[in-house]
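In this note's numbering, the protein residues as written are 8 to 111.
Now the structure itself:
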């Protein structure tokens, strides 16, 4: 998980993930479009994202397509956010039951 947090800590890498979420299966050239970064910088950021398993690649001929892998982000949500969410949902459920029983 450390690699995922490290990868997500950089705003440029989050921008790349957002671009892949909007349109999965992009080439390096497509990802570089409209970015104020060199091609080499984008490649380095993609390497960090691949290392964290946030991006998967598939070769198609001479092109390399990049795909978002949302599983590590989901695992963070389950591990870190899900625990807090459960108690809040239980509190809301308890409040609903209490209010409904008061109305009866």
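Beta carbons: idealized from backbone N, C-alpha and C, even for Gly.
Using the rule of at least 16 other Cβ atoms within 10 Å of the residue's Cβ for burial, across every protein chain shown, is residue i buried or exposed?
i          : result
residue 62 : buried
residue 49 : buried
residue 33 : buried
residue 20 : buried
residue 65 : exposed
residue 59 : buried
residue 98 : exposed
residue 40 : exposed
If you reduce the DSSP assignment to three classes, tell me which class residue i lands in.
i          : result
residue 40 : coil
residue 16 : coil
residue 28 : helix
residue 46 : helix
What does the alpha-carbon distance come out to for the pair residue i and residue j?
i          : j           : result
residue 74 : residue 51  : 16 Å
residue 10 : residue 47  : 21 Å
residue 83 : residue 8   : 8 Å
residue 80 : residue 103 : 31 Å
residue 76 : residue 53  : 12 Å
residue 87 : residue 28  : 22 Å
Kindly indicate the opening and closing residues of the beta strand (DSSP E) around residue i.
i          : result
residue 61 : No beta strand (DSSP E) contains residue 61, which DSSP labels as neither H nor E.
Could you give the residue range of the alpha helix (DSSP H) that holds residue i?
i          : result
residue 82 : 78 to 83
residue 8  : It is not in any alpha helix (DSSP H) - residue 8 carries neither H nor E in the DSSP assignment.
residue 95 : 89 to 110
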